[in-house]
Every structure is written in structure tokens, then in C-alpha cells.
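Colleague: Straight run, no breaks: the sequence shown in the working numbering ends on number 251.
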Amino acid sequence: MNPIILIPARLGSTRLPGKPLADICGVPMIVHVLRRALEADIGPVAVACAEAEIADAVRAAGGVAVLTDPALPSGSDRIFAALQQVDPEGKHDVVINLQGDLPAIDPALLAAVCRPILISRERFDIGTLVAPIHSDAEAQAPSVVKAVCAFEGEAEIAPALYFSRAAVPWGEGPLWHHIGVYAYRRAALARFVGLPESPLERREKLEQLRALEAGMRIGAARVAQAPFGVDTPADLDHARRVLGGVA
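1. Distance check for V31 and A243, CA to CA, integer angstroms please.
2. Using DSSP with H/G/I as helix, E/B as strand and the rest coil, what is L87?
3. Can you grab the Cα-Cα spacing for the pair M254 / D110, in whole Å?
4. Return the CA-CA distance between H138 and D241, expressed in angstroms with no decimal places.
5. Taking only the alpha-carbon atoms, compute the straight-line gap between V117 and A224 and give it to the nearest angstrom.
6. Counting beta carbon pairs with one atom in the stretch 184-194 and one in the stretch 82-102, are three or more of them shorter than 8 Å?
7. My guess is that T72 and A56 are in contact by the Cβ rule of under 8 Å, so how many angstroms apart are they, rounded?
8. Quick one: is I123 buried, meaning 16 or more other Cβ sit within 10 Å of its Cβ, or exposed?
9. Out of curiosity, what's the CA-to-CA distance linking P146 and R63?
10. Give me the Cα-Cα distance between A251 and V70, rounded to the nearest whole angstrom.
11. Of the residues A135, G175, A171, V149, which one's Cα is nearest the Cα of A162?
12. Leaving out the 5 sequence neighbours to the left and right, which residues in its chain are closer than 7 Å to A86 when beta-carbon positions are compared?
13. Would DSSP call R189 helix, strand or coil?
14. If you drop the 5 nearest sequence neighbours on each side, which residues of the same chain put their C-beta closer than 6 Å to that of V148?
15. By DSSP, does V37 sit in helix, in strand, or in coil?
16. If we count the other Cβ atoms within 10 Å of its Cβ and call it buried at 16 or more, is R125 buried or exposed?
17. To the nearest angstrom, report how far apart V234 and V35 are at their CA atoms.
18. With 16 as the cutoff for other CB atoms within 10 Å, does K209 come out buried or exposed?
19. Using the three-state DSSP reduction, which class does A251 fall into: helix, strand or coil?
20. Alpha carbon to alpha carbon, how far is E160 from I130? Give it in angstroms, no decimals.
21. Once the 5 residues before and after A171 are set aside, which same chain residues still bring their CB inside 7 Å of it?
22. Kindly indicate which three-state DSSP category G198 falls into: helix, strand or coil?
23. Taking 6 Å as the limit between beta carbons, can you name the residues of its chain near R82, skipping five residues before and five after?
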């Protein structure tokens, strides 16, 4: 298969205004994410930008930026719009959606997220990632999305049956922290963005439930640790400390 990595970015964050352009060690956050994607070395990378300011920052760093309609409702819609511009001929059959607020993501995770649709015997439409939850505080935090999946023995891939902000499933056993990075079969992405918002998506405020409610299959690859995301000023301070010796 022939993957492409697309990074949706917009300035309209309510908790951290101007988030993609937030300075981390002298470099805009979106450029850190771009660099991690390029380091993965699994396909071309482009940033799907809602505003010209983001595109300018990406291009100044030598990256590819695609301007998309600021009114698009989600990152998935944004990457699909960008895909039509950068690959109208359909050469890329796997589309990786990398969130623009993961400046310290391990580039190896971008290969891992493709594994459910590349090597699994099951026909998954979408691949994603999960990591073990290690504390009760993490399990109870609504900001940490939990994936309901069961890995048999040493299996590294399992079907994702549900996603919730609650600590599910009930009972003894591991809980899984969902990492919001996705690999779509190209046809699956086209179908997904054409679907209406679903009831459970509205209730949980989790876009991926739209796919499950429509009968699409999501495969989860397990990895050792979830990368941290930047959503608040405190997260930004943490990113500056972590990346101080990286950029």
C-alpha cells in the first residue's frame, strides 16, 4: 500500500487559542508535528490548514501546506478536502490522520497505526492505536478516551468495539487509552466523511463512534505508551520542557 500522512490544523481552539502556531523552543507546534511525520519516512506529508497563517508557517519550514475551507466541521473533513487537492489521481490508498497537537509523537507510531489494515487477516476499514492505562486517575479522566478491545494472548491487533470517556469495560482486566491517530483505507475515509453525525457520537462527543455505528470496522494496534497531547497552557509548558533538547 501507498500511505500519505495528512495533518489537520486550525487556529480555533477554545482552550489554547492559536494552538498550531504556539511557540515550542522557537518552533511553531505544527512544525514539530510535521517533523515527526517526516521522520516516520513512510510516505509524503502535508498539512491541511484552515488558515493562511498556518500554511505560511509550514511552508517557511519547507513543508507542504494545503488551504482548506475554514468552515469544515472536523479534522477528518479537512484531511479529505486536502487529499483531493494533493492526490486527485488517487495514488495513495492509505490516509493517515495525524493530529496537529502531538509534537512529541514517536514517529514509529505512524507505521504502527497502519498495521491493522496492512497486515491483519481481518478486513478493517480504519486502523488506530491504544496504550495501556496505568493509573486510576487516568482511567477516570473524561479527557482520556477509552477503547474497548480485547487482545488475545500476545496479539498486537484487536477489533475496537466501542470508545468512551468512561472507564469501560467493567470488571477485572486491562483498560486501553485510545490514541487519536487513524489510518483509513481511502474508500473508508470517503465513506466516513459522507456519513451524518451519529447518536452515540453526539452523546460521547467522539467522532470515531460514527464509523462504528455505520458498521465500519476499526482495528486497534497496541503500543507501549500514549504520546502526550497539547490542549491547555499547562500542556504547552510540558511540551516546552520535553522538547527543549529535541528541536
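Heads up, the beta-carbon is just placed ideally off N, CA and C, and yes, glycines get one too.
Modeller: Taking the coordinates as given:
1. Residue 243 sits at position 239 when you count from the first residue of the sequence shown. Residue 31 sits at position 27 when you count from the first residue of the sequence shown. Approximately 12 Å, taken between the alpha carbons.
2. Residue 87 sits at position 83 when you count from the first residue of the sequence shown. In this structure, L87 counts as helix in the three-state DSSP scheme.
3. Since the first residue shown for the chain is 5 and the last is 251, residue 254 is missing from the structure and cannot be characterised.
4. The residue you call residue 138 lines up with position 134 of the sequence shown. The residue you call residue 241 lines up with position 237 of the sequence shown. Rounded to whole angstroms, the separation of the alpha carbons of D241 and H138 is 23 Å.
5. Locating residue 117 in the sequence shown gives position 113, where the first residue counts as 1. Locating residue 224 in the sequence shown gives position 220, where the first residue counts as 1. Cα atoms of V117 and A224: separation of roughly 8 Å, rounded to the nearest angstrom.
6. Contact holds: three or more Cβ-Cβ distances are below 8 Å.
7. Along the sequence shown, read from residue 1 onward, the residue named residue 72 stands at position 68. Along the sequence shown, read from residue 1 onward, the residue named residue 56 stands at position 52. Rounded to the nearest angstrom, the Cβ distance from T72 to A56 is 11 Å, too far for a contact under 8 Å.
8. Looking up residue 123 in the sequence shown gives position 119. I123 should be labelled exposed.
9. Residue numbering aside, residue 146 sits at position 142 when the sequence shown is read from its first letter. Residue numbering aside, residue 63 sits at position 59 when the sequence shown is read from its first letter. The C-alpha of R63 is placed about 36 Å away from the C-alpha of P146.
10. Along the sequence shown, one-based indexing puts residue 251 at 247. Along the sequence shown, one-based indexing puts residue 70 at 66. Because the pLDDT at A251 is just 47, under 50, the model does not fix this residue reliably, and the value given afterwards should be weighed accordingly. Cα to Cα, A251 sits roughly 24 Å from V70.
11. Against the sequence shown, residue 162 aligns to sequence position 158. When only C-alpha atoms are compared, the closest one is A135.
12. As a first step, residue 86 is located in the sequence shown; it is residue number 82 there, counting from the start. Excluding sequence neighbours, A86 sits near L10, A50, A52, V70, T72.
13. Here the question's residue 189 lines up with position 185 in the sequence shown. Of the three classes helix, strand and coil, the one that applies to R189 here is strand, per DSSP.
14. The sequence position of residue 148 within the sequence shown is 144, counting from 1. By the criterion of a C-beta distance shorter than 6 Å, V148 is surrounded in its chain by E142, H181, once the five residues flanking it on both sides are discounted.
15. Residue 37 sits at position 33 when you count from the first residue of the sequence shown. Of the three classes helix, strand and coil, the one that applies to V37 here is helix, per DSSP.
16. Against the sequence shown, residue 125 aligns to sequence position 121. Result: exposed.
17. Here residue 234 refers to the residue found at position 230 when the sequence shown is read from its first residue. Here residue 35 refers to the residue found at position 31 when the sequence shown is read from its first residue. Rounded to whole angstroms, V234 to V35 spans 14 Å at the Cα level.
18. Here residue 209 is taken as the residue at index 205 of the sequence shown, counted from 1. K209 should be labelled exposed.
19. Within the sequence shown, residue 251 is the residue found at index 247, counting from 1. Note that A251 has pLDDT 47, beneath the 50 cutoff, so the model's placement of it is unreliable and no number is given.
20. For the purposes of this step, residue 130 is taken as residue 126 along the sequence shown, with counting starting at 1. For the purposes of this step, residue 160 is taken as residue 156 along the sequence shown, with counting starting at 1. When rounded, the distance between both Cα atoms is 15 Å.
21. The sequence position of residue 171 within the sequence shown is 167, counting from 1. Closer than 7 Å at the Cβ level, and outside the excluded window around A171, lie A143, Q144, K150, L179.
22. Numbered from 1 along the sequence shown, position 194 holds the residue referred to as residue 198. The answer is helix: DSSP assigns G198 an H, G or I state.
23. Here residue 82 corresponds to residue number 78 of the sequence shown, with the count starting at 1. Excluding the 5 residues flanking it on each side, R82 has same chain C-beta neighbours closer than 6 Å at P12, A52, T72, L76, in chain order.
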